[in-house]
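J.: For the numbering used here, add 18 to where a residue sits in the sequence shown, where the first one is 1.
One structure coming up, written as C-alpha cells, with questions to follow.
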Amino acid sequence: MLEFRTQGYNGYSVKYSPFFDSRIAVAASANFGLVGNGRVYVLGLTENGIVADKWFDTQDSLFDTAWSEAHENQLLTAGGDGSVKLFDITLAEFPVQSWQEHGREVFAVHWNLVSKDTFLSSSWDGTVKIWSPNAPASLTTLPTHSCTYSAAFSPHSPSILSCVSSDSHLRIFDLRTPASASNHLTLSIPIHTPPKPRMGAAASVGIPPAEALTHDWNKYRETILATAGVDRVIRTFDIRAPGAGPIAVLPGHEYAVRRISWSPHLSDILLSASYDMTCRVWTDGSAMGVGSVQQENMLDDPMVHGGGREMGRMGRHTEFVTGVDWCMFGAEGWCASTGWDERVLVWDCRAIMQ
C-alpha cells in the first residue's frame, strides 16, 4: 500500500488519469470543506512512492475533480464558490478556463466518455449543467429542483446522463429528446421503493427516503446503475424496469456511503467509500447462479436482495473516506482512496477480497 499526505487539506475526490496508469488527481479542501482554500493535486506513482508533480490552489473548497478525456494534461475542479475550473498541468498556477454560473457549491464534475467534447457539473443549486471546454457559457441547464450531489454521463452513450439528489431520486436525461417541459428528463426513479418480493417472501416495508450522495454506471451492462447515500445502503437499478425497484440491495456500511465506483474490469464488482472510515468491495450477485452462497445471503440478512455480498474491506483510513477510484490499466484490482484524514492510499483490493 502506497500513501501520500495532503498536509493541511482534507481529501474529497480521487481520480486516475485515463491516459497514464501512474497519474492521479486529488481534490481537497482546507478545514474539511467548511471554510477556506481548496487544492487539487496531481500525483505521480513512482518507484520511490507517491510524489506531488503539481498542485493548484483555489480560493474556495474543492469537492470533485475529473480528468479531460480529450487532453491528457487537463483536469476539471468543482468549487465551493459555484465555479468550475479547467487546469492544464503544463502551465502556471492559474486555470486556463473558469465558469461561474452555479448559484451554490458544485459537488460533481464528469467528462463525457463517448463524445469527449463536453462535460457536466452538478450543484447544490438544483441543476446539472452541460459545458464545452471551448465555450464561455454552459450549453444546457437541466433542473432537478433538489440538491444534486452526483451526476455522470453514461459510458455507453454521448447523450444520456444521470444524477442523484437529496430528494432520493435517480434521474435519467436524454439530450436527444425534445427539451419541452420535461427538460430532457426521461426517467425519475424513487431510490427507496422497496424491491419486489421474492417468491414466497413477504412484501418489503418501504424505507423512509434519505439523501442520495453518489451513483455510478456499470461499465459493461449499459442499463445498470448503482446508488448509495445517507441510509448506508447500496442499491442497483435496471433502467429498463424503473418501476421494479432495486434489483440488488447491499447493506453493511455503518455510516453514510460517500462514493461508489463500478469496476472497469469486472461487471459485477463495485467499490465504496464511507463515513465509517472503510472502503469496501462488493459483488452485486449478477455473476452468480442461484447457488448456496446466494441462498445463504438471502436467509442471513433479510435486507439483502439480489444475492450480492461484501467481499472485503480496507480500514486503514482514520477519518471519513470521501473518494475512491479504480485504475483502468494493468491487473484488475488496483485502486486509490482519499479522505478527511489528509491521506491518499493506493492499494490492491484483491488482497482483501474473500
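We put the beta carbon where it would ideally sit given N, CA and C, even for glycine.
Remember, predicted model here, so these are calculated numbers, not experimental data.
Do methionine 295 and glycine 330 have their C-beta atoms within less than 7 Å of each other?
T.: Residue 295 sits at position 277 when you count from the first residue of the sequence shown. Residue 330 sits at position 312 when you count from the first residue of the sequence shown. Result no, Cβ atoms of methionine 295 and glycine 330 do not sit closer than 7 Å.
J.: Suppose you measure from the CA of valine 182 to the CA of valine 146; what does that come to, to the nearest Å?
T.: As a working note, residue 182 is residue 164 in the sequence shown. As a working note, residue 146 is residue 128 in the sequence shown. C-alpha separation (whole angstroms): 10 Å.
J.: At 3 residues or longer, and completely inside the stretch 22 to 110: list those beta strand (DSSP E) runs for me, N to C.
T.: The qualifying runs are 28 to 34, 41 to 47, 56 to 64, 67 to 76, 80 to 85, 92 to 97 and 102 to 106.
J.: Apart from the five residues just before and just after histidine 174, which ones in its own chain have a Cβ nearer than 6 Å to its Cβ?
T.: Locating residue 174 in the sequence shown gives position 156, where the first residue counts as 1. Taken in chain order, the residues that qualify are Glu240.
J.: With burial defined as no fewer than 16 other Cβ atoms inside 10 Å of the residue's Cβ, what is the status of glycine 232: buried or exposed?
T.: Mapped onto the sequence shown, residue 232 falls at position 214. Looking at the sequence shown, residue 232 is not glycine but threonine. Classification of threonine 232: buried, given that the 10 Å Cβ count is 16 or more.
J.: According to the Cβ coordinates, are alanine 266 and aspartate 302 closer than 7 Å?
T.: The count along the sequence shown starts at 1 and reaches residue 266 at position 248. The count along the sequence shown starts at 1 and reaches residue 302 at position 284. For alanine 266 and aspartate 302, yes; Cβs fall inside 7 Å.
J.: Please list the terminal residues of the continuous beta strand (DSSP E) segment that includes glycine 357.
T.: Along the sequence shown, one-based indexing puts residue 357 at 339. Looking at the DSSP string, the run of the beta strand (DSSP E) that includes glycine 357 is 352 to 357.
J.: Going by DSSP, which residues form a beta bridge with glycine 270?
T.: As a working mapping, residue 270 is identified with position 252 in the sequence shown. DSSP output for glycine 270 lists no bridge partner at all.
J.: Just the Cα atoms here: how many angstroms apart are isoleucine 287 and tryptophan 73?
T.: As a working mapping, residue 287 is identified with position 269 in the sequence shown. As a working mapping, residue 73 is identified with position 55 in the sequence shown. When rounded, the distance between both Cα atoms is 32 Å.
J.: Is the separation between the beta-carbon of glutamate 21 and that of leucine 363 shorter than 7 Å?
T.: The sequence position of residue 21 within the sequence shown is 3, counting from 1. The sequence position of residue 363 within the sequence shown is 345, counting from 1. Closer than 7 Å, so yes.
J.: Tell me, please, which residues DSSP counts as bridged to proline 161.
T.: For the purposes of this step, residue 161 is taken as the residue at position 143 of the sequence shown. In the DSSP output, where bridge partners are listed per residue, proline 161 has Thr145.
J.: Could you round the C-beta distance between threonine 76 and lysine 103 to whole angstroms and report it? I think they count as a contact, below 8 Å.
T.: Start at 1 with the first residue of the sequence shown, and residue 76 comes out as number 58. Start at 1 with the first residue of the sequence shown, and residue 103 comes out as number 85. Confirmed, Cβ separation roughly 7 Å.
J.: Based on Cα-Cα distance, which residue from Asp185, Asp143 and Ser180 lies nearest to aspartate 192?
T.: For the purposes of this step, residue 192 is taken as residue 174 along the sequence shown, with counting starting at 1. Checking every option, the nearest Cα to that of aspartate 192 belongs to Ser180.
J.: Return helix, strand or coil for arginine 298, following the three-state DSSP convention.
T.: The count along the sequence shown starts at 1 and reaches residue 298 at position 280. Reduced to three states, the DSSP call for arginine 298 is strand.
J.: Quick one: is phenylalanine 38 buried, meaning 16 or more other Cβ sit within 10 Å of its Cβ, or exposed?
T.: Counting from one through the sequence shown, the residue named residue 38 turns up at place 20. Exposed is the call here.
J.: Between the C-alpha atoms of leucine 138 and leucine 188, what's the straight-line distance to the nearest angstrom?
T.: For the purposes of this step, residue 138 is taken as the residue at position 120 of the sequence shown. For the purposes of this step, residue 188 is taken as the residue at position 170 of the sequence shown. Rounded to the nearest angstrom, the two C-alpha atoms are 16 Å apart.
J.: Going by other Cβ atoms of all chains shown within 10 Å of its Cβ, with 16 needed for buried, is phenylalanine 255 buried or exposed?
T.: Locating residue 255 in the sequence shown gives position 237, counting from the first residue. Looking at its Cβ environment, which holds 16 or more other Cβ atoms inside 10 Å, phenylalanine 255 is buried.
J.: Quick one: is leucine 317 buried, meaning 16 or more other Cβ sit within 10 Å of its Cβ, or exposed?
T.: In the sequence shown, counting from the first residue as 1, residue 317 sits at position 299. Interpretation of leucine 317 is limited by its pLDDT of 42, a score under 50 that renders its predicted location unreliable; the figure taken from the coordinates is listed afterwards. With fewer than 16 other Cβ atoms within 10 Å, it is exposed.
J.: Quick one: residues in its chain with C-beta nearer than 6 Å to the C-beta of aspartate 106, no 5 flanking neighbours on either side, listed in chain order?
T.: Within the sequence shown, the letter at position 88 stands for residue 106. Contacts found: Asn91, Gln92 and Val114.
J.: Report the start-end ranges of each beta strand (DSSP E) in the stretch 183 to 248 that is 3 residues or longer and not cut off at the edges.
T.: Listed in chain order, the complete beta strand (DSSP E) runs (minimum 3 residues) inside the stretch 183 to 248 are 187 to 192, 203 to 208, 230 to 235 and 242 to 247.
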